[in-house]
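K.L.:
Before we start, here is the structure in question, set down as structure tokens.
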Amino acid sequence: FSSSERPEPLAIKPGSAGKAMPGFDVRVVDDSGKEVKRGEMGNIVMGIPLAPTAFTTLWEDEERFYKGYMKRFNGKWIDT
Numbered sequence: 016f017s018s019s020e021r022p023e024p025l026a027i028k029p030g031s032a033g034k035a036m037p038g039f040d041v042r043v044v045d046d047s048g049k050e051v052k053r054g055e056m057g058n059i060v061m062g063i064p065l066a067p068t069a070f071t072t073l074w075e076d077e078e079r080f081y082k083g084y085m086k087r088f089n090g091k092w093i094d095t
């Protein structure tokens with residue numbers, strides 16, 4: 016005997032990225048790393064430290080991870 020719960024799917028808004036996984040600090044910031052107001056264009060970033068389920072580097076290439084994801088905001092945000 017088994018049971019499963021099938022919650023209603025989340026509403027989908029065209030052009031949106033959906034909800035962040037629990038534990039991640041996801042924000043939208045301008046090019047200087049400051050949060051923008053709701054509805055304004057910006058960069059999607061994740062706050063440091065990352066949730067335990069996140070990759071914190073690239074295998075055998077930490078420099079590439081830093082240059083590709085962390086350098087832009089001086090290690091405060093991970094650029095997605």
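So for the sequence shown, my numbering puts the first residue at 16; every next one is plus one. Cβ atoms here follow ideal geometry from the backbone N, Cα and C, with glycine treated the same way. All values derive from a computational prediction rather than experimental measurement.
1) What's the gap between the Cα of F16 and the Cα of K28?
2) Quick one: Cα of E77 to Cα of G30, how far?
3) Starting from R79 and walking both ways along the alpha helix (DSSP H), at which residues does that stretch end?
4) What's the call for V51, buried or exposed, on a 16-neighbour Cβ count within 10 Å?
5) For the putative contact between G57 and V43, defined by C-beta atoms under 8 angstroms, what is the C-beta separation to the nearest angstrom?
6) Would you list the one or two residues that DSSP bridges to E23?
7) Is L65 close to the ligand SAH? I mean its beta-carbon at under 8 angstroms from any heavy atom of the ligand.
P.N.:
Reading off the structure:
1) Bear in mind that a pLDDT of 46 at F16, under 50, signals an unreliable position, so the number given afterwards is only what the model happens to contain. Looking at the two C-alpha atoms, the distance is approximately 37 angstroms.
2) 32 angstroms
3) 77-80
4) exposed
5) 4 angstroms
6) In the DSSP output, where bridge partners are listed per residue, E23 has none listed.
7) Within the structure as shown, the ligand SAH is missing, as the structure has no ligands at all.
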